[in-house]
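Undergrad: Provided herewith is a single structure, encoded as structure tokens, for subsequent inquiry.
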Amino acid sequence: MRLLRSPRLATVLLVVICICAFHTTSAIDIPLEVLGHINIEQLPTITAQSPSTLIAFPFDESFPVICEAKGNPEPEFRWTKNDQEFDPFLDPRLMKEENSGTFVIPNNGNLTEYQGTYRCYASNKLGIAISKEIEFIVPNVPKFPKETLDPVVVEEGQPFTLKCDPPNGIPPLQIYWMTINLQHIEQDQRVSVGLNGDLYFSHAVEKDSRRDYCCFASFPRIRTIVQKTAMSVIVRTRKSDSSENANAILERKPSLLTPPGGKSEIQLVKGEDLNLECIAEGFPTPQVEWMKMGHKFPSKVRFENHGKLVIVPRAEQEDSGKYMCKAKNPLGEVQHTFTVTVEEPPEWVFEPESQLSMIGSDVHIKCSASGIPQPTTTWRVNGGPLQESPARNRRVIGDTIVIHNAQVSDSAVYQCEASNRHGTILSNANIMIMNLQPMILTSEGEEYSVVERKRVTMHCKVFSSPPSTITWSKDDSPESVHGPRFTVHENGSLKIYNVERGDTGQYTCLAKNTEGSSAINAMLYVKDPTRIVVAPEDQRILIGTTAQLSCLAEYDKSFSNDFELLWEKDDMEIALNYTENSRYFVENGVFHIMNVSHSDQGVYTCVAKTPADQDVASALLMVLDVPDAPENLVLSDRKGRNVTLKWVPGDDHNSSTTEFVIEYEESHWEPSNWKELLRVPGNRNSAELRLNGNVNYCFRVSAVNAVGTGRPSEATERYKTPPEAPDRNPENIRIEGHLPHEMDIKWEPLLPIEHNGPSLEYKVSYRRQDVEEDWKEHTVKRHSFVVRNTPTFVPYEIKIQAKNRQGFGPEPKLVTGYSGEDFPSAAPDDVAVEVMNSSVVKVSWTRVHKDKLHGHLGGYRISWWRLRSLLDSKKSPGDKHTLAVPGDKNRATVPILTPFSEYSLIVMTFNGRGNGPGSHPVNFKTPEGVPEKNHDFRVTDVQRHTVSLVWKPPLEPNGILIGYLLKYHLINDTEEVGPLQTVDISKPETTTWILRDLEPLSKYKFYLCSCTTVGCGPDVSDECTTTLETSLASIHGGISTKGWFIGLMCAIALLTLIVLIACFVNRNKGGKYSVKEKEDLHPDVESQGMNDDTFCEYSDNDEKPLKGSQHSLSREIKAVESGDSLVDYGDEDAQFNEDGSFIGEYAGRKEKRASAEIKATIQTPA
């Protein structure tokens, strides 16, 4: 009964064909192009079949038995099972499909009836092809037999074995010995599981007694684990009358529990694992040794099960030979010899090939196979034994069938089958006998492009019988192309080497045989070569940055639409998708890699490609990064406070490691705070560490290269150093005396990690240096000590030594210091003042004797104050100023004095305690200087041709004023300025001035300075623009600037505001006003505006150039420029700080000077 095709069946068959073992027999394939022209019959060929063994695993839904074939006519299929005819279509439970030999056994019933060996036959009228034998195995569910096991009773010290005897099942088999609670039985030299699954005990001990030894057999391919009935073991302990020998185990020499005897032979198939096992008993427990007699063990050998098992994976012929195991203990030894033979399943030496032969030719079919033992070869024809299909013209000579003068009727499928005890191989060879005139399968008019100096292949695929003779000619030439550059291959293709421009043209392929001829034409074009002119260069790029690789190429212009520029990384093409998240893009021939990472390192290749050729250029991109963290830190050679730290360096990421930084962390003083301990060169991977005592250390290492410092390694285990006495004493000892009869001793304490032990203290020792006396000693825990009741400022010798519970530190160094200071008791003598100029004087004095200093000399202080201005007879002392002169000096310069003044000055010395008494005051006077700026200068009235100016005298004239110097000039908006005009005002009491004869509507700038006999001071300036007409304000003498006028205007504004508020309130109450009243209440504000004809600015420091200045009448009076500098204020030994200030203090308050700058804008009414 045949079943119709269903969608479910089609799906199953499709999946089955895809996942099955695919077997393709070498066959004569008639090209489709030929079949399109003529109908050629073909022998059947098996194209797919199931593997030789097909296991019905219980968890699979179905089991496909595959057989697919092709041929012309379409093959028909039949099956045999156990060499008996079997028709799948007669079984309704099987799923089948038309025109296919495949059937599917569903897993929905008893599968045992389908168990057997199947073979598929595919036939048409030309012959029969057969498949390999397919064995369908239905495994039984493995089970241990139900049994009652007696306890195993054994004397202590005697060997015993627990049998597992696992059931048969689909390999692989895995054995586990566990307790009833699924705890593994511990295995060691004494206890082990053998290859057969038994549990062996070399000798029994008391702890082996238990009631729940369980053997579990696991069959992973069928997902099954079965358990044997639990076994009980009772170990009887030995008793003895002597207490010393009670429970003693008698020693004995080894013997083998497995394998038995002294020799054994093992045979296995090539490719399988060789397992050799020796398990011995005895006491003490024997040790097992292995050797291969006459040879060394190959490197692939593994030793397992505590040396009792040798595994040689994937055994080869060279693994054959003799192996020996030897079990030893102090009482003797035992040995066993294994003779191993590695055999092989059949393999083809010469597999029969399908052939297409002409009528009347001799056909040779050869079949040869090898294996151990040597396979037996059997010939079949069309699936049947060769002797059952006799033929006169066919003979078997050795491993070859010879068909003489073959005819069409000799076409058949020949099978060669080779087998030994390890397997069978089968091959089908299709032998077709026919004659056919040449048919060229390559298309007419193919076009080929090639570049100069390259090679090109033009195709001419021909199908014919007998084979055709193929020739090529060019441009209708009757002669064939020839020469060393031209080669015609057996498949008909023409290859031209080292192509030249002259090779361009039309080529003709002509195929001939005894049945006829055929020809096609092809065109060859020779192009310019593709060439990369700008190649990418090797780069070392920092991680996280952007890499840029350039590539530009030249190519034949005819390929403009077909040219491609591709990029590859490590021979894999890079996809350029130009999305927002893509890190790769090409712009103007430059390949960009954004945010470079380690994975971007490699060889980048630029491929310039046309249909005719391509050119490539490569560059190595190396990504630089900080080194990886070192690994596998180990502390070794632990010798008290010395330890060796070793590590394995991490990847340096293409930048050599320059050094390693070793850090430590201790758990007591500053836990979790890592500090640097040592740096070692980058070519080392270990360091000797000298540590402090009584510290619980752990360490880590980080690597440094040119990019930076990498991540630190994982921390080591902790290492506690033993306590010891301190290694060093305190440093930076300071002796200070804040009070006359005390001496403060301070020092830099040891770091906590430097204590080297508990209870750190300091022993302070001191004595006077200038007299002979014994050392005085004190022990303190803090890092300071005060010695009281000392003489004032006498030298002492001091020592400070560290100590802890383990002892004292090294002998301390001697330090000298002085006891407390007192104020100096004498003032400098012979104080003299030399006036240098109007603002600087030099002061000198006689030094104070050192006995009067009572301390370390700090220097001298000069204090001075202004008594009065020489213009004022009444004295009014000003603020005091001070200048500190450090060191043992006797002169200094006092700067920044006010000219034309009288001063008083004193000098005193100072030490660390403070100032001594001052000297007798010395009075002196400073000469005249140039005046300061005028206090006020502004324009008050501007007319068409005149301008009024007012000012106030300077606050500090610095002498007797003799007048003022007034200058002015035009400063219109052009870059050029008018000539400078000068007016000498000789009366110092003058404070107003009117300039006349000025240009109307012109902008002027005015300058004013005050003068003494020494010279003129700095200028102040103001600007304004003259008007077009004389303003009313000038007639009334500047009424707009009068106080009464300003008050009147303010009163009128206030009155207007009150009226507006009243009207607003009244309107909100609902009052109504006529239009006239509204106009009276809201006058036109614009009609009351003021017209600003002038705009005057005040500036006390304008730097516009003065061009064309005229000579002043007082040209003899020159402004004195200040030529003083801070260098002049001290003598040749004066010192300055980095910021240019005096080293000594310049402490003093400058006299408060009132200065005001008034900017005025004068407006005149229109």
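Residues in the sequence shown are numbered consecutively from 42, following my numbering. Note that the Cβ used here is the ideal one computed from N, Cα and C, for glycine as well.
Taking C-alpha atoms, which residue in A470, F864, Y645, T419 lies nearest to M613?
TA: Y645
Undergrad: If I87 sits next to S141, beta carbons under 8 Å apart, how far is it from one beta carbon to the other, in whole angstroms?
TA: The pair is not a contact, with the Cβ atoms about 12 Å apart (cut-off 8 Å).
Undergrad: Roughly how many angstroms separate the alpha carbons of C501 and K515, rounded to a whole number?
TA: 14 Å
Undergrad: Measure the alpha-carbon distance for V234 versus D101 and round it to whole angstroms.
TA: Near 33 Å, if we compare the C-alpha coordinates of D101 and V234.
Undergrad: Buried or exposed for C457, going by 16 or more other Cβ atoms inside 10 Å?
TA: buried
Undergrad: What residues in its chain sit with their C-beta under 6 Å from that of H709, if we drop five residues either side in the sequence?
TA: none
Undergrad: Any idea what DSSP makes of E197, helix, strand or coil?
TA: DSSP places E197 outside both helix and strand once states are collapsed to three, so it counts as coil.
Undergrad: Locate the beta strand (DSSP E) running through K122, then write down its first and last residues.
TA: 117-122
Undergrad: Which two residues bound the contiguous beta strand (DSSP E) that contains F626?
TA: 625-628
Undergrad: Determine the DSSP secondary structure at S591, reduced to helix, strand or coil.
TA: strand
Undergrad: What's the gap between the Cα of C319 and the Cα of L372?
TA: 18 Å
Undergrad: Going by DSSP, name the residue or residues bridged to A744.
TA: F701
Undergrad: Quick one, are the C-beta atoms of L1007 and L1039 less than 8 Å apart?
TA: no
Undergrad: Compare the beta carbon distance of P325 and E292 with 8 Å and say whether it is the shorter of the two.
TA: yes
Undergrad: With DSSP as the reference, please indicate the residues paired to P763 in a beta bridge.
TA: Its beta-bridge partners do not exist; DSSP assigns none.
Undergrad: What did DSSP end up calling I903 once you bin it into helix, strand or coil?
TA: I903 falls in the strand class under three-state DSSP.
Undergrad: Going by alpha carbons, who is nearest to G861 out of I776, L911, L606?
TA: I776
Undergrad: If S914 and S942 are in contact, beta carbons under 8 Å, what's the gap, nearest whole angstrom?
TA: Not really, about 13 Å apart at Cβ, beyond 8 Å.
Undergrad: Which same chain residues end up closer than 8 Å to T202 when comparing Cβ atoms and leaving out the 5 residues on each side of it in sequence?
TA: Same-chain partners within the cutoff: D239, L240, Y241, F242, L298.
Undergrad: Give every residue of the same chain whose Cβ lies closer than 8 Å to the Cβ of P479, excluding the five residues on either side of it in the sequence, and list them in chain order.
TA: Hits under 8 Å: V503, F504, S505, S509, A552, K553, N554, E556, G557, S558, S559.
Undergrad: Does the distance from the C-beta atom of A368 to that of P387 stay below 8 Å?
TA: no
Undergrad: So, for R741: in the same chain, excluding its five sequence neighbours on each side, which residues have a beta-carbon less than 6 Å away from its beta-carbon?
TA: E704, P753, S754, A756
Undergrad: With DSSP run on the structure shown, which of helix, strand or coil describes E973?
TA: coil
Undergrad: Out of Y619, D870, C205, state which residue places its alpha-carbon closest to the alpha-carbon of M635.
TA: Y619
Undergrad: Quick one: measure Cβ to Cβ for T545 and D603, integer angstroms, because I've assumed they're closer than 8 Å.
TA: Not a contact, Cβ separation roughly 19 Å.
Undergrad: For V657, does the three-state DSSP call read helix, strand or coil?
TA: strand
Undergrad: Between which two residues does the beta strand (DSSP E) harbouring S164 extend?
TA: Following the DSSP letters along the chain, one finds S164 inside the beta strand (DSSP E) bounded by residues 157-165.
Undergrad: With H, G and I counted as helix, E and B as strand and the rest as coil, what does DSSP make of K495?
TA: In the structure shown, K495 sits in coil (DSSP, three-state: anything other than H, G, I, E or B).
Undergrad: Classify G798: buried if its beta carbon has 16 or more other beta carbons within 10 angstroms, exposed otherwise.
TA: Per the 10 Å Cβ criterion, buried.
Undergrad: Would you call E1157 buried or exposed, if buried means 16 or more other Cβ atoms sit within 10 Å of its Cβ?
TA: Low local confidence applies: a pLDDT of 36 at E1157 is under 50, so the model's placement there is unreliable, with the coordinate-based value given in what follows. Counting Cβ neighbours within 10 Å, E1157 comes out exposed, since fewer than 16 surround it.
Undergrad: For D1025, which option in C1057, P1041, V1018, I290 has the closest C-alpha, if you only look at C-alpha atoms?
TA: C1057
Undergrad: Taking the alpha carbon of K817 as the point to measure from, which residue in V828, D811, H824, R823 has its own alpha carbon closest?
TA: V828
Undergrad: Y803: buried (16+ other C-beta within 10 angstroms of its C-beta) or exposed?
TA: Burial call: buried.
Undergrad: Pull up the CB-CB distance for P208 and V274, whole angstroms please, since I reckon it's below 8 Å.
TA: Incorrect: roughly 23 Å between the Cβ atoms, too far for contact.
Undergrad: Q428 to R435, Cα distance in whole Å?
TA: 11 Å
Undergrad: Closest to Q90 by CA distance: which of R160, G543, Q125 is it?
TA: It is R160 whose Cα lies nearest to the Cα of Q90.
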